[in-house]
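As given, the protein sequences belong to chains L and A, one line each in that order. In this text, residue positions in the first sequence follow the UniProt record's numbering: the first is 1, and each later residue adds one. In this text, residue positions in the second sequence follow the UniProt record's numbering: the first is 1, and each later residue adds one. Note that beta-carbon positions come from the ideal geometry of N, C-alpha and C, so glycine has one too. Treat the numbers as computed from the prediction; the structure is a model and nothing was measured. Below is one structure; the comments refer to it alone.
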Amino acid sequence: MKLLPSCHDVQTELTEYLEGALPLRRRLGIWLHLLLCRVCAGFLRGLEALPGVAKRSLAAPAKAPEAATLALAQVQAQVQAALRKEK
Amino acid sequence: MTATLLAEPELIQRAAQGDSEAFGGLVQPHLSLFFNGIQRILGNEADAQDALQDALMSMHRDLPRFEGRSRFSSWGYKICLNAALMTRRSRVRIQDMERPEPLALGPFDERGHHTETDHLPEWQEEAQAHALVEKQEMRACLLRALDELPDSQRIVFVLKDLEDWDLDAIARHLQLAPGTVRQRLHRARVLLQARLRSHVLGGRS
């Protein structure tokens, strides 16, 4: 295996790299490649930023959607019906 | 006194005794959070509504055993995620076949290095991303992109990057090798990044 991996290799293995799942020699090769290649370094920055951007974007809205309100109303109706049956 | 004016411990006590109004008052402030967690896993709103209903029934049933060691919202959220994961397991998704297509990377030359590096857009324009978040555009874009993912990749991305599960826990839950989980996570991230890049940069990808 070459010491310096190609851009394709690097971009294919970046999650393995971030998770520390690669052998030392491969990790070093990718680290070196990232120092030298601004495109792959930018790709890595994008991958690293994604969870934060996704969490902020997909956080719960202040108001529950109608489907959620309906689900709660149905459960409340079932609870009341079960209580009436018990009495 | 209406249920909404009572403190949470009292609402819990009343709801545990079968007071449905108290149960509504207890759940309502967290309803959006509960539904959102479920919908991020399932995607489909109708499935999410059914799973939320199951989760709320479980919460109501288990309330007498809720000891208050954690916040009600955290306890309820866990029940919601479990309900979503159960629903996901039970449904058959034909579109969830593993796609053999290669990762959306490149373009590369014959040695696997980038070509036309001057024209490759840089993603991660934080200022633009924040502005889009505020305008709700990023949310819509991400939801669309999540829907395009195969379910096997979506679930890994949601559990790892949105719910902060560790990879071993995801592997155990999905009964997969950790390497397979990392591979699916990478595919999901690459696809989502490509979609966001084209959105943030106004259609360039």
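For this session: Could you have a look at F66 (chain A) and say whether DSSP puts it in helix, strand or coil?
Result: Of the three classes helix, strand and coil, the one that applies to F66 (chain A) here is coil, per DSSP.
For this session: Pull up the distance between the alpha-carbon of M138 (chain A) and that of S20 (chain A), whole angstroms please.
Result: Near 37 Å, if we compare the C-alpha coordinates of S20 (chain A) and M138 (chain A).
For this session: Determine the closest residue to S32 (chain A) out of A:G76, A:R61, A:A22, with distance taken between C-alpha atoms.
Result: A:G76
For this session: Please list the residues of the stretch 14 to 36 of chain L that have a C-beta atom closer than 8 Å to any C-beta atom in chain A, keeping them in chain order.
Result: L14, T15, E16, E19, A21
Exercise. Taking Cβ positions, are D147 (chain A) and G43 (chain A) nearer each other than 7 Å?
Worked result: yes
Exercise. In chain A, what lies closer than 9 Å to K87 (chain L) by C-beta?
Worked result: Per Cβ cutoff of 9 Å: no residues; K87 (chain L) is ~10 Å from chain A at best.
Exercise. Three or more beta-carbon pairs under 8 Å between the stretch 29 to 38 of chain L and the stretch 46 to 59 of chain L, yes or no?
Worked result: no
For this session: Using DSSP bridges, identify the partner residues of H114 (chain A).
Result: A:F108
Exercise. How is L14 (chain L) classed by DSSP in three states: helix, strand or coil?
Worked result: helix
Exercise. For G43 (chain A), does the three-state DSSP call read helix, strand or coil?
Worked result: coil
Exercise. Going by beta carbon distance, what residues of the same chain come within less than 8 Å of Q11 (chain L), once the five residues before and after it are set aside?
Worked result: C40, F43
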